[in-house]
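Student: The structure's right below; bear with me while I get my questions together.
Numbering (my numbering), first residue to last: 208 to 971.
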């Protein structure tokens, strides 16, 4: 550390110039960073679930849908149906739209003198009440339409827009929104679906960042000013975080990486956390000047004294964030890599730029001269609110260790109990508040039409075989009975409708024929009428079929239950016939994401705790310090998860990041307390004296840093996204617990252990 500070103080101007040039370079590249909300981007390209999803899209057409729902007192009026027809036509003209199913465009199978006819359900809009009444009764009595493209009460209609496989679904959603806007009123119109969600999410996250980042910067700058009361105390720590953010975004731009809902909070994290290293250096620099040292000597003394602790704190923070590279989620790995880079950048800038600038400033020697550090410490710490808080914590931790450890034990037990209520959630729609327009539209479509996301079950077998079709029908009926999906549709529904149409609409023939030759004839007639009509549900060779159903409950638990039912019914109806099945769709990816969140969390926590222990042990050369630091962070992490369980906050792609922050950042406080404790012990002070000095001096820096960090993250509580609000609250909580724990729990543990050893010695 001494070599580094000698170098930075010897060449301050070249160092500053190099840092400025690097910042300009990264700044230009930061302009290339874009944003993604596509769920497939969370998975590696080689993930078999994504590959299956892509294969199904290529075989049967797109599996992404945009839902446009129109609500009125009665859909079956001439004016409303004309609006639906005109809107459907406009939507079909949008580039990237494969098809639009609506009340005025959905196909109807009818028998005629020549065999079979496929035509629009409503070829002409009825112009009198009697015809409209007949149409309404026909549609609402047919489960192919009722609950699918029109609500069962006849008060809402749905346009189901299939996005082309290679189209930019977000761009398509934007164009759909523009078209739909023209048709609002007097009917209410709602638009939802994953592409719409992705579009709104991307725009809303940008707006949130533009709103939150300036607030975070302002709050932290204000706190730094209130604490240091001078130019350098604000600008130096502040500039390190700004530089680290620019470098990080610049590296992302260089490597063509994107921001996502998962790492959109990364700039806030870096701004909130990156100032810590500068705060510790500046606070110690003040202390050195207070001892009467000259400017250059004070700079060197500050960096040498706290440099190792700062390096340890930065290293453990990097290790905490780097733990995310063990996640199977691609964007979480990116978050770990780039946040680690950002923290390392803040650490580098703090240890080079701040000493360089302080050297150039040549600050005057403090009026306080020729007094011992202990006296300076006592003089400084007897004044001011921060000093009083630090003194109180120092006295409490040392004088009441048993009480503190007892309270800690109670909190641990309550947190373990809270773990039983912890749940996961990977549904992006929950990023929006219940009273927001995206969430209202999602809930409306789910309530009226069973959902906006589909599950796809692919069956491999002879689809002209009546036994296979019967098995598919039994599977569909059983799946619908679960209440987790709407009416499943497949080739089965088409064959049954065709059989009825060929028998003059006799409901007794709404069934699957027993004759495979007759089924083959029906398929031929259907293909001759409209070759594209069957392509959504079967291959041209009739060796693969698709069962599709809209999902009512897209929560992690709902999807898990649905997947279990699909597996059970596949084994019951398809396995005896030797049929192979594959399940896919957006909801399958959502379900997989929830599993990956849990597995990544476990692997990441194990890695980060081990890495932190090794780093602290290597630098402190103290088993006791390493164990205490890691044990404190384990408690903090447990409290975080316990709080989530008690409060019902789900573990999602945003809140999953909290544990890595808790490990990486929370341990900083214990490192600084323990490092200063060892420093004072080496001077010959007793355990109690060393601990008091440590908490009373370093504690002030910890309070300032924790206050700045908490203030930065508290700003997230005004985010428009619930997960971001929870993230801000929980990170603030664990920073409060980690900082107070370092100043209370660690001294209490050391005192308790020291007194226990003393008793053992006295007995012996």
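We treat Cβ as the ideally placed atom computed from N, Cα and C, and that holds for glycine.
Bear in mind that the values here come from a model prediction, so they are computed numbers and not experimental data.
Under the three-state reduction of DSSP, which class applies to residue 740: helix, strand or coil?
Tutor: If DSSP states are grouped into helix, strand and coil, residue 740 belongs with coil.
Student: Could you tell me which of 890, 400 and 516 sits nearest to residue 653, measuring between CA atoms?
Tutor: The candidate whose alpha carbon is nearest that of residue 653 is 400.
Student: Which same chain residues end up closer than 8 Å to residue 287 when comparing Cβ atoms and leaving out the 5 residues on each side of it in sequence?
Tutor: Closer than 8 Å at Cβ, skipping near neighbours: 277, 279, 281, 364 and 394.
Student: Alpha carbon to alpha carbon, how far is residue 524 from residue 416? Give it in angstroms, no decimals.
Tutor: Going by the C-alpha atoms only, they are around 23 Å apart.
Student: Could you check how far apart the C-beta atoms of residue 323 and residue 732 are, in whole angstroms? I think they sit under 8 Å.
Tutor: Yes, they are in contact, since the Cβ atoms of residue 323 and residue 732 sit about 4 Å apart, within 8 Å.
Student: Tell me the start and end of each unbroken alpha helix (DSSP H) in the stretch 654-729 that is at least 4 residues and wholly inside, in chain order.
Tutor: Correct list: 673-688 and 698-708.
Student: Would you mind listing the beta strand (DSSP E) stretches within the stretch 748-781 that are 3+ residues and don't spill past its ends, in chain order?
Tutor: Correct list: 751-757.
Student: Roughly how many whole angstroms lie between the Cα atoms of residue 219 and residue 235?
Tutor: Spanning the two alpha carbons is a distance of roughly 25 Å.
Student: Identify every run of the beta strand (DSSP E) within the stretch 438-477, keeping only runs that are complete inside it and at least 3 residues long; order them along the chain.
Tutor: Qualifying beta strand (DSSP E) stretches: none in this window.
Student: Does the distance from the C-beta atom of residue 164 to that of residue 881 stay below 8 Å?
Tutor: In the structure displayed, the chain extends from 208 to 971; residue 164 sits before or after that span and is not available.
Student: If we cut at 8 Å on Cβ distances, does residue 801 have a partner in chain D?
Tutor: This model lacks chain D altogether; it includes just one protein chain.
Student: Under a three-way DSSP split, which group does residue 213 fall into?
Tutor: DSSP places residue 213 in helix when its eight states are reduced to three.
Student: Which residues in the same chain have their Cβ closer than 7 Å to the Cβ of residue 675, if we skip the five residues on either side of it in sequence?
Tutor: So the qualifying residues of the chain are 668, 669, 784 and 786.
Student: Relative to the C-alpha of residue 709, which residue among 742, 338, 316 and 213 is closest?
Tutor: It is 316 whose Cα lies nearest to the Cα of residue 709.
Student: Do residue 625 and residue 849 have their C-beta atoms within less than 8 Å of each other?
Tutor: Yes, these two residues count as a Cβ contact at 8 Å.
Student: Rounded to whole angstroms, what is the Cα-Cα separation between residue 635 and residue 663?
Tutor: Near 19 Å, if we compare the C-alpha coordinates of residue 663 and residue 635.
Student: With a threshold of 16 other CB atoms inside 10 Å of the CB of residue 707, please say whether the residue is buried or exposed.
Tutor: With 16 or more Cβ atoms within 10 Å of its Cβ, residue 707 is classed as buried.
Student: Below 8 Å CB to CB, which residues in the same chain sit around residue 742 once its five sequence neighbours on both sides are set aside?
Tutor: Excluding residues within five positions, the ones whose Cβ falls inside 8 Å are 267 and 268.
Student: Provide the residue(s) that pair with residue 274 in DSSP beta bridges, ordered along the chain.
Tutor: Residue 274 pairs with 367 and 399.
Student: Helix, strand or coil, according to DSSP, for residue 316 in the structure here?
Tutor: Reduced to three states, the DSSP call for residue 316 is strand.
Student: Across which residues does DSSP place residue 324 in a beta bridge pair?
Tutor: DSSP lists 317 as partners of residue 324.
Student: Taking the Cβ atom as the reference point for each residue, do residue 241 and residue 465 lie within a distance shorter than 8 Å?
Tutor: Yes, the Cβ-Cβ distance between residue 241 and residue 465 is below 8 Å.
Student: Within the continuous alpha helix (DSSP H) that includes residue 299, where are the two ends?
Tutor: That run of the alpha helix (DSSP H) goes 285-299.
Student: Okay, do the stretch 640-651 and the stretch 870-878 touch, 3+ Cβ pairs below 8 Å being the bar?
Tutor: No, they do not touch.
Student: In angstroms with no decimal places, state the Cα-to-Cα distance between residue 232 and residue 458.
Tutor: So the two alpha carbons sit approximately 10 Å from each other.
Student: Do the stretch 481-494 and the stretch 938-953 meet, that is, are 3 or more Cβ pairs less than 8 Å apart?
Tutor: They do not touch, by the three-pair rule.
Student: For residue 304, list the residues DSSP reports as bridge partners.
Tutor: Beta-bridge pairing links residue 304 to 370.
Student: Could you tell me whether the stretch 526-544 touches the stretch 793-811, using the rule of 3 or more Cβ pairs below 8 Å?
Tutor: Verdict: yes, contact present.
Student: With three or more C-beta pairs closer than 8 Å as the rule, is the stretch 903-910 touching the stretch 591-600?
Tutor: Verdict: yes, contact present.
Student: If you check the beta carbons only, do residue 793 and residue 766 fall under 8 Å apart?
Tutor: No; because the gap between Cβ atoms is not below 8 Å, this pair is not in contact.
Student: Starting from the N-terminal side, write out each stretch of the alpha helix (DSSP H) that is 4 residues or longer and does not extend beyond the stretch 473-560.
Tutor: Those alpha helix (DSSP H) runs which fall completely within the stretch 473-560 and span 4+ residues are 473-480, 483-497 and 502-529.
Student: Could you tell me which residues DSSP puts in a beta bridge with residue 745?
Tutor: DSSP lists 752 as partners of residue 745.
Student: So, using beta-carbon positions, are residue 719 and residue 673 closer together than 8 Å?
Tutor: Yes; because the gap between Cβ atoms is below 8 Å, this pair is in contact.
Student: For residue 357, which beta-bridge partners are listed by DSSP?
Tutor: Answer is 353 and 364.
Student: Between residue 970 and residue 963, what straight-line distance do the alpha-carbon atoms span, to the nearest angstrom?
Tutor: Going by the C-alpha atoms only, they are around 11 Å apart.
Student: Our contact map puts residue 447 next to residue 556 with C-beta atoms below 8 Å; I'd like the distance itself, whole angstroms only.
Tutor: So it is a contact: roughly 5 Å between Cβ atoms.
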